[in-house]
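S.K.:
Number of protein chains: 2
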Amino acid sequence: MGNDLNQKCGDVGGGELVVGLDAGGTRTRVVLAAADGRLLGEGAAGPGNALTVPMPQLIEHLAEAVAAAVPEEARGRVVSVAGGFAGATAASPDDPGHLNARSALTSALRRLGIPAGPVGICSDIEAAFAAAPGTPADGLALVAGTGAVAMRIADRRGTVTVDGDGWLLGDDGSGFWIGRTAVRAALRMADGRGPATALAASVGRALGLPGGVLPGDDEDDRGAGWTRPHREAYRMHLLPAVMADPPIRLARLAPLVAEAAREKDAVAEAILEEAADQLTETVRALNPHPGEPLVATGGLLGPDGPLTPLLAPRLAALGLTLDWVADGCRGAVALARLAHGGGSR
Amino acid sequence: MGNDLNQKCGDVGGGELVVGLDAGGTRTRVVLAAADGRLLGEGAAGPGNALTVPMPQLIEHLAEAVAAAVPEEARGRVVSVAGGFAGATAASPDDPGHLNARSALTSALRRLGIPAGPVGICSDIEAAFAAAPGTPADGLALVAGTGAVAMRIADRRGTVTVDGDGWLLGDDGSGFWIGRTAVRAALRMADGRGPATALAASVGRALGLPGGVLPGDDEDDRGAGWTRPHREAYRMHLLPAVMADPPIRLARLAPLVAEAAREKDAVAEAILEEAADQLTETVRALNPHPGEPLVATGGLLGPDGPLTPLLAPRLAALGLTLDWVADGCRGAVALARLAHGGGSR
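So, in structure tokens, the structure goes:
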């Protein structure tokens, strides 16, 4: 992968340059900026989780993304580099995630002939927090995408983490949680434990079940029209279809819940309400002060995110306003500029 | 494995013999009985799930367990064989689980020189149901061990299944569910979302966490005495400890919840109450008729099972009384006798 993801890479002027990375579980993004913060280039490559990507690939992905963002002739002018890494969330800078990230990024820069001094390493969450307008130093960060985690940030470092416990044990209210709950709702309708829901048909279609075992799409057929043998056949097809994929792939079903909720399916609406309650509980456990900054990232909370309209009033009741950022690249740039003595943008 | 599990194997008399198997996910048990139902021998070997154990091992395990139960000189007198298999729960006798079980059991008997005619194949749940006194033909079966599933039985065949959806999507109220919920409760105490519970210490000890990051065992230290850095360290040690094992291994933590509940830990008590509610909901979805037979199996519902005292009153409210059996071996023997024209015992 790589080049098709790499967009701007034009004139980079003649002054000092800074580089910011957001190394996530699915890809690594890099931004090149001028010392005053102006965006000059972007690059992307494969996954950059500092705990789960093996070191040779990690170095490779970081080098590929940085190379795409920083033209060869400009590399000598890079004065500061900072990166936010998934897998570097532990509070201590001596944890394996931090150490891997520092080692891999240093190697990648050396390979490209970039003479930056000590690199700045932080978690992807800290980078996202720093990406908010004004580069705040203290406040709260909330991630709600495939996973879910909240963090209190003090002096630009995470000090307290709530949830982020992974799909097996937590990530309550995440895309994975919503997707799994959708399949559970379909199965509970099928075996008579739960109410009728349009999710049974849409989840079944998404998982490639044969048409003969799907409940009808029309209103009348959702409940009583679905006979016992149909329900048993649905279960027997659905379970192996789910188990054939890694569990985390259930997150891809979250948009079906948003779609069904838009069409007023009561089960889907209740799933989104519960997800919003869980994320609110996660933020509340950080003991928020009314009015302090709350920076969010992740697809569930973006401008068109399915939880955005549900979470806003719940957070308002805690005196909080959500400020969303697409990723941590601009935050890493801000941290790189600060490390070089630059002001906040 | 094998011989240490194989107990009685003495004088087997001179008449016709029947064999019953319970082929489960962790081991295969076999019982040899006289035509009148008297127990004459027992054998055991490795796993016998008809869907997940590869065919050569499945044949091997079945042959080993049958060989241990049936002395060589008696094999010519076996007139009927029946087996209940995990993985053969689908309603159709043409499903892969049924076909594998029939093929493997036929091969194993041929290898041992046992001339039994067509073998009887059913699910482990149907065999457990038939193990109840009187060998009932119609009623309800409930399994609550590592997993959880309920089934309506008509004319000795399962007709409707509720739950049994596996650890990722269901098995609500099972040993896995209880174990996972215990770890969740510990993590939620650690990050401030949940109340203090003795489970944090017992789960941490069971997962081999270093003493320094465990909450104190004394009453005062359960909540406020556990400082923020302690809580963060606990989380950072607990998550990799859980993820190092297959998810299903969380079921081994269920006894810790029973133990904490006995000592009146409110969180542990609530977990068991919720598990009992879920199993009740699972049974209720079968539309039970007051007074019909309900046969249960699985460690959670045995004579000393942690859910037995909680489930009994809930089922009584539905007009049901729980009859527990240790496994399906005696049920398979009863089905083998019926297939040979024998009466119920």
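Heads up: the sequence lines are chains L and D, in that order.
For the first sequence, position 108 matches number 108 in my numbering, and the numbering has no gaps at all.
For the second sequence, position 13 matches number 358 in my numbering, and the numbering has no gaps at all.
No residue lacks a Cβ here, since even glycine has one placed at the ideal position from N, Cα and C.
On a predicted model such as this, the values are computed, not experimentally measured, just so you know.
What number of angstroms, rounded off, separates the C-alpha of D/Val375 from the C-alpha of L/Gly170?
M.R.: Answer to the nearest angstrom: the Cα atoms are 41 angstroms apart.
S.K.: Which one of L/Leu322, L/Arg337, L/Met151, L/Gly41 has the shortest CA to CA distance from L/Leu286?
M.R.: The residue with the shortest Cα to Cα distance from L/Leu286 is L/Met151.
S.K.: What separation, rounded to the nearest whole angstrom, lies between the Cα atoms of D/Ala641 and D/Pro481?
M.R.: Computed Cα separation, rounded: 13 angstroms.
S.K.: Give the straight-line distance between the Cα atoms of D/Gly490 and D/Ile498, rounded to the nearest whole angstrom.
M.R.: Cα-Cα distance, rounded: 19 angstroms.
S.K.: Would you say D/Asn632 faces chain L, with C-beta separation under 9 angstroms as the test?
M.R.: Answer yes: the Cβ-Cβ gap between D/Asn632 and chain L drops below 9 angstroms somewhere.
S.K.: Would you say D/Gly515 faces chain L, with C-beta separation under 9 angstroms as the test?
M.R.: Yes - at least one Cβ of chain L is within 9 angstroms of the one on D/Gly515.
S.K.: Starting from D/Gly503 and walking both ways along the alpha helix (DSSP H), at which residues does that stretch end?
M.R.: Looking at the DSSP string, D/Gly503 is not in any alpha helix (DSSP H); the run it does join, the beta strand (DSSP E), is 502-508.
S.K.: Report yes if the CB atom of L/Leu279 is closer than 9 angstroms to the CB atom of L/Ala261, and no otherwise.
M.R.: The answer is no: Cβ separation not under 9 angstroms.
S.K.: Is D/Trp669 helix, strand or coil by DSSP?
M.R.: DSSP places D/Trp669 in strand when its eight states are reduced to three.
S.K.: Given 8 angstroms as the limit, is there contact between the region 231-241 of chain L and the region 200-216 of chain L, that is, 3 or more CB pairs closer than that?
M.R.: Counting Cβ pairs under 8 angstroms, three or more are found: they touch.
S.K.: In chain L, what lies closer than 7 angstroms to D/Leu532 by C-beta?
M.R.: Chain L residues near D/Leu532: Asp165, Leu169, Gly170.
S.K.: I need the DSSP call for D/Val464, collapsed to helix, strand or coil.
M.R.: The answer is coil: DSSP assigns D/Val464 none of H, G, I, E or B.
S.K.: Any Cβ of chain D within less than 9 angstroms of the Cβ of L/Asp191?
M.R.: Interface residue, yes.
S.K.: According to a CB-to-CB cut-off of less than 9 angstroms, which residues of the region 239-256 of chain L neighbour chain D?
M.R.: Hits within the stretch, in order: Leu239, Val242, Met243, Pro247, Leu250.
S.K.: Any beta carbon from chain L within less than 9 angstroms of D/Ala569's own beta carbon?
M.R.: Because the pLDDT at D/Ala569 is just 49, under 50, the model does not fix this residue reliably, and the point stays unresolved.
S.K.: Consult DSSP for L/Thr28 and reduce its assignment to one of helix, strand or coil.
M.R.: Reduced to three states, the DSSP call for L/Thr28 is strand.
S.K.: Are the C-beta of D/Asp563 and some C-beta of chain L separated by less than 9 angstroms?
M.R.: At D/Asp563, the pLDDT of 44 sits below 50, so the modelled position is not reliable; the number obtained from the coordinates is stated separately. It does not: the Cβ of D/Asp563 has no partner Cβ on chain L nearer than 9 angstroms.
S.K.: So which residues on chain D does L/Arg75 lean against when the C-beta distance must stay under 7 angstroms?
M.R.: Going along chain D, no residue has its Cβ under 7 angstroms from L/Arg75, so there is no contact; the nearest lies around 37 angstroms.
S.K.: For L/Ala316, count the other beta carbons within 10 Å of its own beta carbon; 16 or more makes it buried, fewer makes it exposed. Which is it?
M.R.: That one is exposed.
S.K.: Who are the Cβ neighbours of L/Ala101 in its own chain at under 6 angstroms, not counting the five residues just before and after it?
M.R.: Excluding residues within five positions, the ones whose Cβ falls inside 6 angstroms are Ala50, Phe85, Ala88, Ile121.
S.K.: Using only the alpha-carbon positions, how far apart do L/Leu338 and L/Val18 sit?
M.R.: Cα to Cα, L/Leu338 sits roughly 10 angstroms from L/Val18.
S.K.: What's the C-alpha gap between D/Gly509 and L/Ala268?
M.R.: C-alpha separation (whole angstroms): 23 angstroms.
S.K.: Along chain D, which residues have their Cβ under 7 angstroms away from the Cβ of L/Glu292?
M.R.: Neighbours of L/Glu292 on chain D: none; closest Cβ ~17 angstroms, over 7 angstroms.
S.K.: If distances are taken between C-alpha atoms only, which option among D/Pro399, D/Ala412, D/Arg383, D/Ala378 comes closest to D/Ala389?
M.R.: For the residues D/Pro399, D/Ala412, D/Arg383, D/Ala378, the minimum Cα distance to D/Ala389 belongs to D/Ala412.
S.K.: Using a Cβ-Cβ distance cut-off of 9 angstroms, determine whether D/Val398 contacts chain L.
M.R.: Taking Cβ atoms only, chain L never reaches closer than 9 angstroms to D/Val398, which makes this a no.
S.K.: Using only the alpha-carbon positions, how far apart do L/Glu274 and L/Ala266 sit?
M.R.: Going from the Cα of L/Glu274 to the Cα of L/Ala266 covers about 12 angstroms.
S.K.: Starting from D/Val507, find everything on chain L with Cβ-Cβ shorter than 7 angstroms and list it in chain order.
M.R.: Here the neighbours are Asp191, Gly192, Arg193.
S.K.: Cβ of L/Val183 less than 9 angstroms from any chain D Cβ?
M.R.: True, the Cβ-Cβ gap to chain D drops below 9 angstroms.
S.K.: What are the boundary residues of the alpha helix (DSSP H) that includes L/Ala334?
M.R.: Counting along the chain, the alpha helix (DSSP H) containing L/Ala334 begins and ends at 329-339.
S.K.: How many whole angstroms separate the CB atoms of D/Ala596 and D/Gly524, which I take to be in contact at a CB cut-off of 8 angstroms?
M.R.: Contact holds; Cβ gap of about 5 angstroms.
S.K.: Roughly how many angstroms separate the alpha carbons of L/Val12 and L/Glu42, rounded to a whole number?
M.R.: Those two C-alpha atoms are separated by around 11 angstroms.
S.K.: Give a yes or no on whether the minimum CB-CB distance between L/Asp221 and chain D is below 9 angstroms.
M.R.: For L/Asp221, the pLDDT reaches just 44, beneath the cut-off of 50, and the residue's location in the model is therefore unreliable, leaving the point undetermined.
S.K.: Return the bridge partner residues of D/Ala379 from the DSSP annotation.
M.R.: Answer is D/Leu362.
S.K.: Can you name the residues of chain L whose CB is closer than 9 angstroms to the CB of D/Thr627?
M.R.: Simply Asp191, Arg193.
S.K.: List, in chain order, every chain L residue whose beta-carbon is nearer than 7 angstroms to that of D/Arg501.
M.R.: What D/Arg501 touches in chain L: nothing, since even the nearest Cβ is about 18 angstroms away.
S.K.: Can you find a CB in chain D that lies within less than 9 angstroms of the CB of L/Asp138?
M.R.: So no, L/Asp138 is outside the interface.
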